[in-house]
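Notes follow once the structure below has been shown.
Numbering (mature numbering (1 follows the signal peptide of the UniProt record, and there is no 0)), first residue to last: -24 to -1, 1 to 182.
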């Protein structure tokens, strides 16, 4: 997945070089080079200087490393991981399990507004679940869609290029498909399942 992300980033650079200076939008320019927060292992930058995501452990075990990269706000997308450093961070809890039937749609707009408010105030945001794969991945993709004016496919490719393990469960991805504005989704649930699930299982679903 990491190699795939790097290849996508290289392709974007090539398209930009061949298309001339008018080709890239602000979003595609920011997508070009994946960014890694080397000061905080396991934490990956989604939007330069603004939005990071990853697992719960940095927020629980090494909060000073998050402080070191300027994190001021934390989206805790779990039901049970504590928001245990209120003196260091402003928190938003998104109380969902990694289950396709969980009502993530109820919380996406609230999470976006929390992130937007933090960024407008000059803050930096860390989004986590337990593993930094499904719940926080879905929230990060949604935020990139809305903050950058990106399509679902653009936002998904952008996030996965920066954190190769991201894979929202099919229920969460279906919500992202529904959230994309426009009649024709840029990345359908069927395409996503074919790309990420066992081929036989995906065929059985559709």
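Glycine included, C-beta positions come from ideal geometry on N, C-alpha and C.
Check: By the DSSP assignment, the beta strand (DSSP E) with residue 69 in it spans what residues?; Outcome: 66 to 69
Check: How long is the line joining the alpha carbons of residue 125 and residue 172, rounded to whole angstroms?; Outcome: 24 Å
Check: Identify whether residue 59 lies in helix, strand or coil by the three-state DSSP scheme.; Outcome: coil
Check: Helix or strand or just coil, what does DSSP make of residue 20?; Outcome: strand
Check: Within 10 Å of its beta-carbon, does residue 169 have 16 or more other beta-carbons around it, so buried, or fewer, so exposed?; Outcome: buried
Check: Sorted by chain position, which residues of the same chain lie with C-beta nearer than 6 Å to residue 161's C-beta, five sequence neighbours on each side aside?; Outcome: 153
Check: Could you compute how far the alpha carbon of residue 127 sits from the alpha carbon of residue 23?; Outcome: 15 Å
Check: Could you tell me the alpha carbon to alpha carbon distance between residue 112 and residue 149, rounded to whole angstroms?; Outcome: 12 Å
Check: Compare the Cα-Cα distances from residue 49 to each of 136, 68 and 25 and report the closest residue.; Outcome: 68
Check: Between 157, 136, 147 and 29, which has its C-alpha nearest residue 80's C-alpha?; Outcome: 147
Check: Please name the residue in 19, 25 and 51 whose C-alpha comes closest to that of residue 88.; Outcome: 51
Check: For residue 163, does the three-state DSSP call read helix, strand or coil?; Outcome: coil
Check: Between 123, 62 and 71, which lies nearest to residue 93 when the distance is taken from Cα to Cα?; Outcome: 123
Check: Specify, as a first and last residue, the run of the beta strand (DSSP E) that residue 52 falls within.; Outcome: 49 to 52
Check: So the candidates are 83, 163, 143 and 44; which of them puts its Cα closest to the Cα of residue 108?; Outcome: 143
Check: State the beta-bridge partners of residue 109 as determined by DSSP.; Outcome: None, per the DSSP bridge assignment.
Check: From this set, 157, 117 and 41, which residue's C-alpha is nearest residue 140's C-alpha?; Outcome: 117
Check: Tell me which residue opens and which closes the beta strand (DSSP E) that residue 25 is part of.; Outcome: That residue, residue 25, is in no beta strand (DSSP E); it is neither H nor E in DSSP.
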